[in-house]
Ligand code: AMP
């Protein structure tokens, strides 16, 4: 925790009456959990400030909140903008936080590019939501963290740590989470939500498990063809979210899900429980974490190239372990 920078963030928040929070595009649970955790904490602490989450919404995390869509960019002129859970301006989409008078970046990814008057990056934190908890802890006497904020932050932490399963989880993670439990919130409600699946999604999952393919040396992969979305009545977001449930195969350290986004661009969601895959993703205009990355292939005919590289990586890993 960088107390000096957290103090700067805290002082800057106090300075502004209007604050916009920007989760990244195609927001995941952590982006939304962080954004709404921060919003609810600021709303409860400073009832006279106007705090708004702005950007894309997602079916999966509607439960936490639905960001505002803002067309009139002049509203940002005198405001503070806080981007959460990305180090990448392009991932923030539009409107951009830099339209704001002053900007803060709160992120836990390896630094991709510099932006923001204050950049708070803590790669030791397995979820960006934990950075909001660091801010809360540093100024506990001043901040009010209501139940709604605790729920949102816990949702972010649970989803980005695979429910505390990933190796990025540390004692500090649990120490921070213990504060949420001390404050009291309904964690069961969140587990109930995360454990419920529509019939359509469950049947789609059955189809994926029946039809998943394997390379020779330990890579599982599945291509989400556009027709499947119609056949199973699932959204693209739901259909690709299944990547997080495909790490179940023994002796398969890497798995990949390919899908078309924006009607044309083929992207890959890549996961590992063995070798680091972020360099592999970077080779295909992507990046991310060692065990969870994404790549942009452009067209379906490049899928084989990535699979070949992934297969080499899996082979080397299995040979050494
Ligand atoms: P996802 O499969 O979308 O959950 O992405 C897993 C991780 O990879 C996240 O940390 C993303 O921020 C990162 N990631 C996904 N796609 C890209 C990309 N094209 N460039 C850089 N990072 C990415």
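In the working numbering, the protein residues as written are 21 to 341.
Glycine included, each C-beta is placed from N, C-alpha and C at the ideal position.
From a predicted model like this one, the values you see are computed outputs, not experimental measurements.
*Grab the span of the beta strand (DSSP E) containing residue 185 for me, first residue to last.*
Neither: residue 185 is in no beta strand (DSSP E) and is coded neither H nor E.
*Helix, strand or coil: which one does DSSP assign to residue 140?*
strand
*How do the segment 229-240 and the segment 274-283 stand: do at least 3 beta-carbon pairs fall below 8 Å, yes or no?*
yes
*asked:* So, with DSSP's three-state summary, where would you put residue 89?
replied: coil
_Cβ-Cβ distance between residue 57 and residue 229 below 8 Å_ = no
*What number of angstroms, rounded off, separates the C-alpha of residue 103 from the C-alpha of residue 114?*
12 Å
_Residues whose Cβ lies closer than 5 Å to any heavy atom of the ligand AMP, in chain order_ = 289, 306, 307, 308, 312, 313, 314 and 316
*Below 8 Å on the Cβ atoms is my guess for residue 135 versus residue 122; work out the distance and round it to an integer in Å.*
Not really, about 12 Å apart at Cβ, beyond 8 Å.
*Determine, using beta carbons only, whether residue 72 and residue 152 come nearer to each other than 8 Å.*
no
*asked:* Buried or exposed for residue 48, going by 16 or more other Cβ atoms inside 10 Å?
replied: In this structure residue 48 is buried. Its beta-carbon is surrounded by 16 or more other beta-carbon atoms within 10 angstroms.
*Where DSSP assigns a beta bridge to residue 335, which residues make up the other side?*
Its beta-bridge partners do not exist; DSSP assigns none.
*Opening and closing residue of the alpha helix (DSSP H) in which residue 119 lies*: Element bounds for residue 119: n/a, residue is neither H nor E.
*Could you give the uninterrupted runs of the beta strand (DSSP E) lying entirely in the segment 221-264, keeping only those of 3 residues or more?*
Listed in chain order, the complete beta strand (DSSP E) runs (minimum 3 residues) inside the segment 221-264 are 239-244.
_Buried or exposed (CB count within 10 angstroms, at least 16 for buried), residue 107_ = buried
_residue 125 in three-state terms, based on DSSP_ = Residue 125 falls in the strand class under three-state DSSP.
_Selection from 231, 166, 185 and 234 that minimises the alpha carbon distance to residue 202_ = 166
*Pick from 141, 118, 133 and 116: whose alpha carbon is nearest that of residue 127?*
That would be 141, whose Cα lies nearest to the Cα of residue 127.
*Can you tell me which of 319, 292, 208 and 340 puts its alpha carbon nearest to the alpha carbon of residue 330?*
Minimum Cα distance to residue 330 is reached at 292.
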